[in-house]
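Below is one structure, written out as structure tokens; the observations come after it.
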């Protein structure tokens, strides 16, 4: 009886821990359809970055794009459909050489899309975020 | 007689236009503790005098699937389809500092608005509204400590 009383909270803690891990792991996306940006927004963002898109599809709930970056290197990237930030990106340096870039953490990432829509900001101004 | 009238009108307009369009540059500095985990997702947003969501200043962290862990911001801003437009950046590593600078309407200061910062870290506890700072002229430069991931948050007004 006593053992059961000890095991039950431990099992519950393990289950909760596993649920937290599952919620954060992986490179797939989980965004409700109403929050998705359009395919045109993806093409516009790519054009702003100087990327030449050869293919645009949806995979694991993310946008997946293939093409050439501004330096002419082939790449494949998964984009978050709401923010259009890269979730993962692979670049081909030469013929059979691959490089995987981790998700951004540290240096500030460029915000995709147009000026902010919030009425809090003065018209034409844009907030800046910087990590030191 | 006509000339002084025109001069007065011109002067009045010159004074009135900047007053209408006046804004203040706000720089919000959030320093994180060395909590020993992955980069933190942070949402910096404002609520009005009634506690209702007023707008998002910045969201640090690029994967939208994790935004549910910034639970207060995610719930309050759910109706704002453009909540992320132009205000997203990378997550913030432990021990590092996020500085957000924005030109806010002067009318928001000393009007009951509050700055909130929600924080979340992979495999660690979520921390909604970890910091709440009233947006007032007197509160500028006063640091407030967080409970979990945030060492301190303060803002400067220009």
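Protein chains in written order, with the working numbering: chain Y, 5 to 136; chain R, 2 to 159. All C-beta atoms in this analysis are idealised placements derived from N, C-alpha and C, irrespective of residue type, glycine included. Here the structure is a predicted model, which is why all the values come from computation and not from measurement.
- Under the DSSP definition of a beta bridge, residue 75 of chain Y lacks any partner.
- Taking residue 27 of chain R as reference, the option from R:150, R:138 and R:153 with the minimal CA-CA separation is R:138.
- Within the DSSP bridge table, the entry for residue 68 of chain R names no partner.
- Under DSSP, residue 66 of chain Y shares a beta bridge with Y:63.
- The beta-carbon of residue 76 of chain Y is placed no less than 8 Å from the nearest beta-carbon of chain R.
- Here residue 116 of chain R is buried. Its C-beta has 16 or more other C-beta atoms within 10 Å.
- Within chain R, the C-beta atoms nearer than 8 Å to that of residue 126 of chain Y come from 22, 24, 104, 105 and 106, in chain order.
- Along the segment 47-102 of chain R, the beta strand (DSSP E) occurs as fully enclosed runs of 3 or more residues at 54-61, listed in sequence order.
- Within chain R, the residues whose beta carbon sits less than 7 Å from that of residue 130 of chain Y are 87, listed in sequence order.
- By the C-beta criterion, the segment 54-69 of chain Y is judged to be in contact with the segment 79-96 of chain Y, since at least 3 inter-stretch pairs fall below 8 Å.
- The alpha-carbon of residue 57 of chain Y is positioned some 30 Å away from that of residue 122 of chain Y.
- For residue 138 of chain R, not one C-beta of chain Y is nearer than 8 Å to its own C-beta.
- Under the three-state reduction of DSSP, residue 44 of chain Y is assigned to helix.
- What residue 62 of chain Y touches in chain R, judged by beta-carbon distance under 7 Å, is nothing: the nearest beta carbon there is about 15 Å away.
- Excluding five sequence positions before and after residue 35 of chain R, the CB atoms of its chain that fall closer than 6 Å to its own CB belong to 95 and 96, given in chain order.
- Taking a C-beta cut-off of 9 Å against chain R, the contacting residues of the segment 36-60 of chain Y are 38 and 39, listed in chain order.
- In summary, residue 128 of chain R is buried, with 16 or more beta-carbon neighbours lying within 10 Å of its beta-carbon over all protein chains present.
- For residue 120 of chain R, no CB of chain Y lies under 8 Å from its own CB, so it is not counted at the interface with that chain.
- Residue 31 of chain R is outside the set of residues whose beta carbon lies under 8 Å from a beta carbon in chain Y.
- DSSP links residue 82 of chain Y through a beta bridge to Y:68 and Y:92.
- Residues of chain Y whose Cβ lies closer than 7 Å to the Cβ of residue 148 of chain R do not exist, since the nearest Cβ in that chain is about 19 Å away.
- If you check the CB distance, residue 71 of chain R and residue 54 of chain R do not come in under 8 Å.
- Look at residue 27 of chain R here: in three-state DSSP terms it is strand.
- Among the CB atoms of chain Y, one or more fall inside 8 Å of the CB of residue 98 of chain R.
- Per DSSP, the beta bridge partners of residue 158 of chain R are R:27.
- Burial is judged here by how many other beta carbons sit within 10 angstroms of a residue's own beta carbon; residue 37 of chain Y has fewer than 16 and is exposed.
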